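Enquirer:
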Amino acid sequence: MGDGPRGPRRGGFGGGFGGGFGGAGGGYDAGPTETIEGTVKFFSSDKGFGFVTPDGGGKDVFVHVTALERSGVRTLMPEQRVRIQTSMGQKGPQANRVEIL
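In terms of this note's numbering, the sequence shown opens at residue 584 and continues consecutively.
(1) Going by other Cβ atoms of all chains shown within 10 Å of its Cβ, with 16 needed for buried, is S670 buried or exposed?
(2) Measuring only the C-alpha atoms, how far is A650 from P637?
(3) Determine the DSSP secondary structure at E620, reduced to helix, strand or coil.
(4) Out of F634, P615, V644 and L659, point me to the one whose CA is closest to G675's CA.
(5) To the nearest angstrom, how far is the alpha carbon of Q673 from that of S654?
(6) What residue does the beta strand (DSSP E) around S670 start on, and which one ends it?
(7) Could you name the residues of the same chain whose beta carbon sits closer than 6 Å to that of H647, not counting the 5 residues immediately before and after it, in chain order?
(8) Can you tell me whether DSSP reads V648 as helix, strand or coil?
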């Protein structure tokens, strides 16, 4: 995958994860994480956010463009299958990392 500003990049979810919005030390503690699979419901590159519907049901997961940037993903398309590492944000579940399946 090449070298990033902090050394070699890893594929998938092999690396350490930062906090919620703003990454590690971003001011908001994301708390415990969970990895789930789901389907992209909506994503707007212009607005910089979207939502993923989890396979197991439950509340849709908020995906901010910063989670895509951390994951090396450019954008998401409706109906696209993804694996996301989630945590509870201030308004519900949010994606910290995104992997396209």
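Ideal Cβ placement from N, Cα and C applies to all residues, glycine included.
Here the structure is a predicted model, which means the values were calculated and not measured.
Expert: Judging by the given coordinates:
(1) Under a 10 Å Cβ-count criterion, S670 is classified as buried, with 16 or more other Cβ atoms of the shown protein chains found around its own Cβ.
(2) In a straight line, the C-alpha of A650 is about 17 Å away from that of P637.
(3) If DSSP states are grouped into helix, strand and coil, E620 belongs with the strands.
(4) Distances from the alpha-carbon of G675 to those of F634, P615, V644 and L659 put V644 closest.
(5) A direct Cα-to-Cα measurement between Q673 and S654 gives close to 21 Å.
(6) Its beta strand (DSSP E) spans residues R664 to G672.
(7) Excluding five sequence positions before and after H647, the CB atoms of its chain that fall closer than 6 Å to its own CB belong to F632, given in chain order.
(8) Taken through DSSP and simplified to helix, strand or coil, V648 comes out as helix.
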